[in-house]
Structure formats: C-alpha cells, structure tokens
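Undergrad:
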Amino acid sequence: MALSQRLRGAGIAVDLTATETFSRSLAVLPPIDRGRLYWLSRITLVRDERDLAAYDAVFAAVFADAVLPVDPNARRQPRSTAAGASDVNVKVPATGSAEQDGAGLPWVTLPSVTGSAAETDLALGIPERLPSRLTGLLDTPFDELDPAELAAVGAWLEEARNHWPTRRSRRLVRRTSGRRIDLRATLATARRTGWEPSELVRKGQLDKPRRLVMVCDVSQSMQAFTRTYLHLMRAATVSADAEVFAFATTLTRLTAVLAHHDVSIAMQQATNLVADRFGGTRIAGNLRTLLRSRHGTALRGAVVIIASDGWDSDDPEQLRRVMARLYRRAYRVIWMNPRAAAPGYQPLAGGMAAARPYCDELLPGHTLRALENVVSSTR
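Heads up: the sequence shown at position 291 corresponds to 291 in full-length UniProt numbering, and the numbers run straight through without jumps.
1. Considering residue 218, what are the terminal residues of the alpha helix (DSSP H) in which it resides?
2. Give the range of the alpha helix (DSSP H) segment to which residue 188 is assigned.
3. To the nearest angstrom, how far is it from the Cα of residue 378 to the Cα of residue 165?
4. Check for me: the beta strand (DSSP E) holding residue 335 runs from which residue to which?
5. I believe residue 22 touches residue 45 by the beta-carbon criterion, under 8 Å. Please report the beta-carbon distance rounded to the nearest angstrom.
6. Would residue 283 and residue 303 qualify as a contact pair, given that the criterion is a beta-carbon distance under 8 Å?
7. Leaving out the 5 sequence neighbours to the left and right, which residues in its chain are closer than 7 Å to residue 285 when beta-carbon positions are compared?
8. To which residues of the same chain is residue 297 closer than 7 Å at the C-beta, ignoring the five residues directly before and after it?
9. Classify residue 138 as buried or exposed, calling it buried when 16 or more other Cβ atoms lie within 10 Å of its own Cβ.
10. Where do the N-terminal and C-terminal ends of the alpha helix (DSSP H) with residue 347 fall, by residue?
11. If I follow the unbroken alpha helix (DSSP H) through residue 35, where does it start and stop?
12. Taking all protein chains shown into account, decide if residue 355 is buried (16 or more other Cβ within 10 angstroms of its Cβ) or exposed.
13. Rounding to the nearest angstrom, what Cα-Cα distance links residue 370 and residue 364 in this structure?
14. List the residues that DSSP assigns as beta-bridge partners of residue 205.
15. State the start and end residues of the unbroken alpha helix (DSSP H) segment that holds residue 292.
16. Taking its Cβ as the centre, do 16 or more other Cβ atoms sit within 10 Å of residue 151, making it buried, or is it exposed?
17. What are the start and end residues of the alpha helix (DSSP H) that includes residue 16?
18. For the alpha helix (DSSP H) holding residue 325, just list the boundary residues, first then last.
19. Cα-Cα, which of 40, 10 and 64 is closest to residue 53?
20. Please classify residue 7: does DSSP put it in a helix, a strand, or coil?
21. What three-state label does DSSP hand residue 59 in the structure shown?
22. Taking DSSP's pairing of strands, which residues face residue 199 in a bridge?
23. Given that a residue counts as buried once 16 or more other Cβ atoms are within 10 Å of its Cβ, and exposed if not, what is residue 278?
24. Assuming residue 233 and residue 212 form a contact by the criterion Cβ under 8 Å, report the distance between their Cβ atoms to the nearest whole angstrom.
The structure is reproduced here in structure tokens:
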C-alpha cells in the first residue's frame with residue numbers, strides 16, 4: 001500500500017485492484033531478493049510502458065539502500081545507512097541537486113518528499129493565527145503601541161473568530177457521540193433495511209451559546225486600553241450575541257451601536273454615545289445600576305467580564321456588596337485588569353481588594369496574548 005502511494009505521487013496511475021494483486025503476489029511468490037520484488041511490483045503495479053522510467057526511479061529511491069526485513073541474512077547483518085544511523089532509512093531526493101539534511105525517512109512510511117528538519121518542525125507545529133505584521137506585537141502592552149498598531153490590533157480582533165462559552169441544554173439532538181439511543185430515528189432508518197436495525201442512531205444534549213456580558217471601564221486611567229477593549233466587545237456582540245456596557249461615572253449600553261455592520265461607524269457611534277469617557281470612575285454605582293435595570297436579567301447564568309483597573313471613587317464596602325450579588329447571579333465572573341500584569345501585583349487595597357473574593361479569575365488584559373487567555377477562560 002505504501003509503495004502504491006509513492007508511485008501515485010510520482011504520477012503513475014495505480015488503482016486499488018493493482019495494489020490488491022501485488023499484495024496477493026507477495027504471498028504466492030515471496031520476495032527473497034530485491035530483483036524478485038522489482039519484477040513482482042513492476043508487473044502488477046505498472047500498466048503503461050511510459051511509466052517505466054518513473055517506476056524505476058521510485059523503486060531505486062525506496063529500495064536502493066534499504067535493508068528488507070524479509071531477508072534473513074539482512075536481519076543477521078544489518079547494514080548502516082549513509083548517515084550512520086542504526087535504523088533503516090532511505091534518502092529520498094528532494095527537489096534540487098543537493099541532498100538536504102533530515103530528508104531520510106523509513107521506507108515503510110513512504111511519506112511525501114520533505115525538506116529539512118527545521119522545516120518539518122514548523123510544518124508539524126500549530127500555525128500562528130496572527131498575521132505577520134502583528135506577530136511582534138503579541139506580548140507588547142497596548143499602552144506602548146502607536147495609533148497605527150492599535151488600529152491593526154483592533155482590525156484583527158474584528159476578524160478573529162473567538163470560541164465563546166457554551167452550555168449543555170436539555171434538548172436532545174442526533175449526535176454520533178451521544179450516550180442515548182434514538183429509538184424513533186433507529187426504527188426510521190431500519191425501514192431501508194427490511195426493518196433490521198443495522199444502524200443505531202444516537203442522541204445527546206445540544207450545545208448552546210452561554211450568555212456573555214462585558215462591562216468596560218472607559219475612565220481616564222483606562223484610556224490606553226479602551227479602544228482595544230471596544231473592538232473585543234464588538235467581536236463578542238457580533239459572534240456571541242453578547243450584552244456589552246461601558247462606564248465611567250454613568251453606565252451606557254453599547255450593544256446596539258457596536259452591532260453595526262461597519263466597524264468605523266460602530267466605533268464612532270460608541271464614542272459619541274459615552275459622554276463621560278475618560279473622566280472619573282464609579283464601579284460600584286454602575287454595577288448596581290446594571291443589576292437593577294431591565295438588562296440585569298441577562299446576568300443570570302452568564303459569563304461576566306469586567307474590564308477595569310479597580311480604581312474606584314465609591315466606597316469599597318459598596319463594591320463588595322454589589323460584587324457579592326453579581327457573583328450569586330452570574331455563572332462565572334472574570335475581572336480583566338491590565339495593571340495585574342505588573343511584577344508583584346497583589347489586589348490588596350481599594351476596590352480591587354473588595355472585589356477579588358467574588359471573581360473566579362483575575363487576569364491581565366494588557367496584550368494580545370493576555371486577551372486570548374481571557375477568552376479561553378470563559379469556556
């Protein structure tokens with residue numbers, strides 16, 4: 001089978017019938033030497049005289065230096081490869097005149113022609129989802145980026161398809177990995193096989209998007225991070241149907257304006273709507289307003305992300321009581337604090353110390369990598 005795949009890669013038409021014939025011929029006439037194996041494979045696998053040259057090249061590349069395990073003498077006296085390795089490797093010529101290091105592979109695998117070992121490691125790794133212009137900005141804090149770099153980061157957040165949280169509903173749907181048997185669907189399928197249930201149809205619980213609520217601090221101390229967070233909020237609104245709010249001294253709902261199909265218009269409308277941006281901060285008062293509003297029901301069973309540095313002009317005791325109420329209503333509370341990335345940071349004073357016991361996660365949101373961790377923690 002592996003030899004057939006290599007021949008197909010060289011442009012030789014080898015069908016499954018020819019491969020089966022070759023396998024049967026090996027049982028009838030065991031290949032005790034390379035010459036017999038050559039004629040067995042050539043007679044059964046090659047149907048066109050014009051393919052003989054390509055076949056000879058593939059056969060030589062695969063078996064010229066290989067020691068066949070069916071040869072008893074070869075098992076007793078294994079020959080070393082050109083590289084001096086103990087295992088049986090074949091040097092497969094890559095494109096070009098010079099032989100590349102690391103191109104030798106066991107003949108039993110018969111993969112496609114590969115390049116160097118470094119190239120192989122890159123090919124097997126997980127590809128970077130960031131565009132090349134943003135690779136160097138992965139760990140750069142947002143407050144150190146220039147306006148052009150911030151615009152590029154925002155554009156990438158708009159285009160990225162983040163995986164938002166889901167929940168298992170009580171509704172049962174057809175699933176191949178389901179634990180229950182769908183009797184009705186199984187009987188319906190059995191009508192095509194004379195009422196013999198040859199296939200068991202299974203069903204399982206349906207995954208539905210979990211509610212997501214984001215509340216972003218747009219006060220003066222958060223000015224360097226506000227634009228990036230707005231793009232993240234818009235991505236959540238469009239792809240996860242999230243409820244998003246901004247606050248400084250008053251609370252403003254941005255769900256409708258950020259859902260606009262044009263990014264620039266959505267950002268401009270959000271900027272115009274938040275009249276108190278880059279001013280003071282009242283975290284406790286605004287969270288209390290959200291809990292008491294008609295949108296407070298959206299918090300029930302939701303993942304709540306609060307983006308703020310925790311600098312609050314309200315009394316810390318008020319924030320503690322509001323956070324305790326929010327914690328009881330929500331499914332999960334994540335506080336995204338860009339100041340938390342500072343070495344040795346501890347939420348020991350002020351509003352952050354009062355809110356920390358009621359947060360499932362306290363994460364920094366100062367870089368693209370940190371934002372990815374925040375999104376991952378919602379699942």
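Using N, Cα and C, we set each Cβ at its ideal position, and we do this for glycine too.
TA: Well, looking at it:
1. Along the sequence shown, one-based indexing puts residue 218 at 218. That residue, residue 218, is in no alpha helix (DSSP H); it is neither H nor E in DSSP.
2. For the purposes of this step, residue 188 is taken as residue 188 along the sequence shown, with counting starting at 1. From DSSP, the alpha helix (DSSP H) with residue 188 extends over 183 to 190.
3. Working through the sequence shown from its first residue, we reach residue 378 at position 378. Working through the sequence shown from its first residue, we reach residue 165 at position 165. Answer to the nearest angstrom: the Cα atoms are 6 Å apart.
4. Residue numbering aside, residue 335 sits at position 335 when the sequence shown is read from its first letter. Per DSSP, residue 335 belongs to the beta strand (DSSP E) from 332 to 336.
5. As a working note, residue 22 is residue 22 in the sequence shown. As a working note, residue 45 is residue 45 in the sequence shown. Right, the Cβ-Cβ distance comes to about 6 Å (below 8 Å), so this counts as a contact.
6. Translated into the one-based positions of the sequence shown, residue 283 becomes position 283. Translated into the one-based positions of the sequence shown, residue 303 becomes position 303. No, these two residues do not count as a Cβ contact at 8 Å.
7. Position 285 of the sequence shown holds residue 285. These residues qualify, in order along the chain: 314.
8. Against the sequence shown, residue 297 aligns to sequence position 297. Nothing meets the Cβ criterion.
9. By 1-based counting over the sequence shown, the position of residue 138 is 138. By the 10 Å Cβ count, residue 138 comes out exposed.
10. Reading the sequence shown from its first residue, position 347 is the one you call residue 347. For residue 347, there is no enclosing alpha helix (DSSP H), as DSSP marks it with neither H nor E.
11. For this step, residue 35 is matched to residue 35 along the sequence shown. 34 to 45 is the extent of the alpha helix (DSSP H) around residue 35.
12. Here residue 355 refers to the residue found at position 355 of the sequence shown. Label assigned to residue 355: buried.
13. Numbered from its first residue, the sequence shown carries residue 370 at position 370. Numbered from its first residue, the sequence shown carries residue 364 at position 364. Cα to Cα, residue 370 sits roughly 6 Å from residue 364.
14. The residue labelled residue 205 in the question sits at position 205 within the sequence shown. Answer is 172.
15. Here residue 292 refers to the residue found at position 292 of the sequence shown. Here the alpha helix (DSSP H) through residue 292 covers 283 to 292.
16. The count along the sequence shown starts at 1 and reaches residue 151 at position 151. When all chains shown are included, residue 151 counts as exposed.
17. Locating residue 16 in the sequence shown gives position 16, where the first residue counts as 1. Per DSSP, residue 16 belongs to the alpha helix (DSSP H) from 16 to 28.
18. Here residue 325 refers to the residue found at position 325 when the sequence shown is read from its first residue. Start and end: 316 to 329.
19. Your numbering for residue 53 matches position 53 in the sequence shown. Minimum Cα distance to residue 53 is reached at 10.
20. Stepping through the sequence shown from its first residue, residue 7 is reached at position 7. For residue 7, the secondary structure class from DSSP, reduced to helix, strand or coil, is helix.
21. In the sequence shown, counting from the first residue as 1, residue 59 sits at position 59. Helix at residue 59.
22. Counting from 1 along the sequence shown, the entry for residue 199 is found at position 199. Note: residue 199 sits in no beta bridge, so no partner.
23. By one-based count along the sequence shown, residue 278 stands at place 278. Exposed: under 16 other Cβ atoms inside 10 Å.
24. Residue numbering aside, residue 233 sits at position 233 when the sequence shown is read from its first letter. Residue numbering aside, residue 212 sits at position 212 when the sequence shown is read from its first letter. That pair is no contact at about 10 Å.
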